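Engineer: Just dropping this structure here.
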Amino acid sequence: MNDKKPTTPRRDFLKTCATKIPQWLLVFSAFGPEQARAVDGESDYNPVEHNYAMGVDIHKCIGCGRCVDACKKENKVPEEPVYFRTWVERYVVPPEGEAHVDSPNGGRDGFPELPADREIFRTFFVPKLCNQCANPPCVQVCPVGATFVSRDGVVLVDDTYCVGCRYCIQACPYGARYLHPTKKVADKCTFCYHRIRRGLLPACVEACPTQARIFGEVGQQSSPLRRFLRFNDINVLKPALNTEPKVYYAGASREVR
Numbered sequence: 204m205n206d207k208k209p210t211t212p213r214r215d216f217l218k219t220c221a222t223k224i225p226q227w228l229l230v231f232s233a234f235g236p237e238q239a240r241a242v243d244g245e246s247d248y249n250p251v252e253h254n255y256a257m258g259v260d261i262h263k264c265i266g267c268g269r270c271v272d273a274c275k276k277e278n279k280v281p282e283e284p285v286y287f288r289t290w291v292e293r294y295v296v297p298p299e300g301e302a303h304v305d306s307p308n309g310g311r312d313g314f315p316e317l318p319a320d321r322e323i324f325r326t327f328f329v330p331k332l333c334n335q336c337a338n339p340p341c342v343q344v345c346p347v348g349a350t351f352v353s354r355d356g357v358v359l360v361d362d363t364y365c366v367g368c369r370y371c372i373q374a375c376p377y378g379a380r381y382l383h384p385t386k387k388v389a390d391k392c393t394f395c396y397h398r399i400r401r402g403l404l405p406a407c408v409e410a411c412p413t414q415a416r417i418f419g420e421v422g423q424q425s426s427p428l429r430r431f432l433r434f435n436d437i438n439v440l441k442p443a444l445n446t447e448p449k450v451y452y453a454g455a456s457r458e459v460r
């Protein structure tokens, strides 16, 4: 019997696996129920009773950036203006041609005034975040099972498994992921999972002064999300990709991408 302890650090071992072992084999051995339980923790909270989603009413968004600021502070997102779990884009639609989209500092500080002599048909603001897909491509490509769907329908990243390969970042069609500059692991919106498990709203929803963000549960009669979905013309981003997003937009015209 060999009593020697392994000399290769776990992270280095996983990196080797990611490059040497066939990806299909790793995917089949990815996150299972036991690992999901480890994230869910031991408490009175029962994840199987929930199915979270978010609505965004573009008509109500004023581009104030408070949601972005609240997210940065709540989730300790790096301060550099390239790292965001949520951000706000401004669409400037001219009388003819393509819309111009800008998002200075992710919209955290608001938006500068547009030139008075510029021809503009209309402008509007669109909050963006991880779409918490029911069919997430990021989960499919993760070679070590670090990205997974929790039992209450939230796509999460387990830092202890992530090897920073960036596969999930490349696979996300919404540009909602980044590599944390110090942790060297993938990071993204989690619907403030640590808050919603305690019955609180995500920080961005709580901070919005116009209630442009609506958080709730799919299929629950008393959920504010149900009313939002019932009384609005709803779209999702990039529906042709069949990712089945769970962030629903009201007022998203064809210019939104």
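The letter at position 216 of the sequence shown is residue 419 when you use this note's numbering, and the numbering goes up by one with no holes.
Ideal placement from N, C-alpha and C gives every residue a C-beta, glycine not left out.
As the structure is a prediction and not an experimental result, all values here were calculated from the model.
1. Rounded to a whole number of angstroms, what is the C-alpha to C-alpha distance between residue 407 and residue 416?
2. Report the three-state DSSP secondary structure of residue 286 (helix, strand or coil).
3. How many angstroms separate the CA atom of residue 237 from the CA atom of residue 442?
4. Quick one: is residue 330 buried, meaning 16 or more other Cβ sit within 10 Å of its Cβ, or exposed?
5. Please return the same chain residues whose Cβ sits closer than 7 Å to the Cβ of residue 227, not counting the five positions on each side in sequence.
6. Cβ atoms of residue 432 and residue 451: under 8 Å apart, would you say?
7. Touch check for the segment 306-314 and the segment 336-347: three-plus C-beta pairs under 8 Å?
8. Quick test of the definition: if touching needs 3 or more C-beta pairs under 8 Å, does the segment 285-298 touch the segment 355-372?
9. Express the C-alpha separation of residue 267 and residue 379 in angstroms, rounding to a whole number.
10. Using DSSP with H/G/I as helix, E/B as strand and the rest coil, what is residue 443?
11. What is the C-beta distance between residue 428 and residue 396, in whole angstroms, given that I count them as a contact (C-beta under 8 Å)?
12. Among 454, 458 and 419, whose alpha-carbon lies nearest the alpha-carbon of residue 263?
13. Are there 16 or more other CB atoms within 10 angstroms of the CB of residue 301, so buried, or fewer, so exposed?
14. So which of 257, 252 and 253 has the shortest CA-CA distance to residue 440?
15. In three-state DSSP terms, what is residue 307?
Structural biologist: From the atom records:
1. Counting from 1 along the sequence shown, the entry for residue 407 is found at position 204. Counting from 1 along the sequence shown, the entry for residue 416 is found at position 213. In a straight line, the C-alpha of residue 407 is about 8 Å away from that of residue 416.
2. Indexing the sequence shown from 1 puts residue 286 at position 83. In this structure, residue 286 counts as coil in the three-state DSSP scheme.
3. The residue given as residue 237 occupies position 34 in the sequence shown. The residue given as residue 442 occupies position 239 in the sequence shown. With a pLDDT of 38 at residue 237, under the threshold of 50, the modelled position of this residue cannot be trusted; read the value that follows with caution. If I take the Cα positions, the gap works out to 32 Å.
4. Numbered from its first residue, the sequence shown carries residue 330 at position 127. It is buried - the Cβ of residue 330 has at least 16 other Cβ atoms within 10 Å.
5. Locating residue 227 in the sequence shown gives position 24, where the first residue counts as 1. For residue 227, the predicted structure reports a pLDDT of 40, less than 50, and the residue's modelled location is therefore unreliable. A value from the coordinates is still provided. Result list for residue 227: empty, nothing under 7 Å.
6. Translated into positions along the sequence shown, residue 451 becomes position 248. Translated into positions along the sequence shown, residue 432 becomes position 229. The answer is yes: Cβ separation under 8 Å.
7. no
8. no
9. Along the sequence shown, one-based indexing puts residue 379 at 176. Along the sequence shown, one-based indexing puts residue 267 at 64. About 20 Å.
10. Here the question's residue 443 lines up with position 240 in the sequence shown. Residue state, collapsed to three classes: helix.
11. Along the sequence shown, one-based indexing puts residue 428 at 225. Along the sequence shown, one-based indexing puts residue 396 at 193. At roughly 17 Å, the Cβ-Cβ gap does not stay under 8 Å, so residue 428 and residue 396 are not in contact.
12. For the purposes of this step, residue 263 is taken as residue 60 along the sequence shown, with counting starting at 1. Selected option, being the one with the closest Cα: 454.
13. Here residue 301 corresponds to residue number 98 of the sequence shown, with the count starting at 1. Under this definition residue 301 is an exposed residue.
14. Counting from one through the sequence shown, the residue named residue 440 turns up at place 237. Residue 257 is the option with its Cα nearest to residue 440.
15. For the purposes of this step, residue 307 is identified with residue 104 of the sequence shown, where counting begins at 1. Looking at residue 307 - three-state DSSP - the assignment turns out to be helix.
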